[in-house]
Amino acid sequence: MGVNVKKFRFISGIIVTLITSAVVSFIGIIAFVGIIAPHISRMLIGDDHKYSIILSGIIGAFLVVFSNYIGRNLLSPIIIPIGIVISFVGIPIFIYLIINSKRE
Numbered sequence: 001m002g003v004n005v006k007k008f009r010f011i012s013g014i015i016v017t018l019i020t021s022a023v024v025s026f027i028g029i030i031a032f033v034g035i036i037a038p039h040i041s042r043m044l045i046g047d048d049h050k051y052s053i054i055l056s057g058i059i060g061a062f063l064v065v066f067s068n069y070i071g072r073n074l075l076s077p078i079i080i081p082i083g084i085v086i087s088f089v090g091i092p093i094f095i096y097l098i099i100n101s102k103r104e
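Numbering (full-length UniProt numbering), first residue to last: 1 to 104.
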């Protein structure tokens, strides 16, 4: 009787992954910043929501501006799309989060 927690977590993870990838594919990769910034802020200061909400906004804004700067100046005459630069930052963070969440 009850819920199989392991199975529920697995199915929930699959559903959330599919929904997230669908949203990013429809809206665009810049919306990916809204997923990355809160995770980075939580890694920096923990679960204190009083500061993490403000820090998430600051990190998101910094990430977009920094990615835009890198995209425009890395290969100067050629402009790299901001989504590609954000992906190079976001993918390693998510891999790190997945590896650490499996350890706990």
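The beta carbon of each residue, even a glycine, is placed where N, CA and C say it ideally should be.
Taking residue i as the reference, give the member of the options with the closest Cα.
i	options	result
residue 60	37, 1, 79	37
residue 44	34, 33, 35, 56	56
residue 68	2, 50, 54, 88	88
residue 81	47, 28, 13, 16	28
residue 90	74, 22, 64	64
Looking at residue j and residue i, is the spacing between their C-beta atoms short of 8 Å?
i	j	result
residue 40	residue 93	yes
residue 121	residue 32	The requested residue 121 is not part of the displayed model; the chain covers only 1 to 104.
residue 17	residue 35	no
Could you give the DSSP three-state label for residue i: helix, strand or coil?
i	result
residue 100	helix
residue 3	coil
With residue i and residue j assumed to form a contact (beta carbons below 8 Å), what rounded beta-carbon distance in angstroms separates them?
i	j	result
residue 30	residue 71	Not a contact, Cβ separation roughly 12 Å.
Mind pulling the alpha helix (DSSP H) runs of 4 or more residues that sit fully within the segment 26-90?
As summarised for the segment 26-90, the continuous alpha helix (DSSP H) elements at least 4 residues long and confined to that stretch are 33-45, 49-73, given in chain order.
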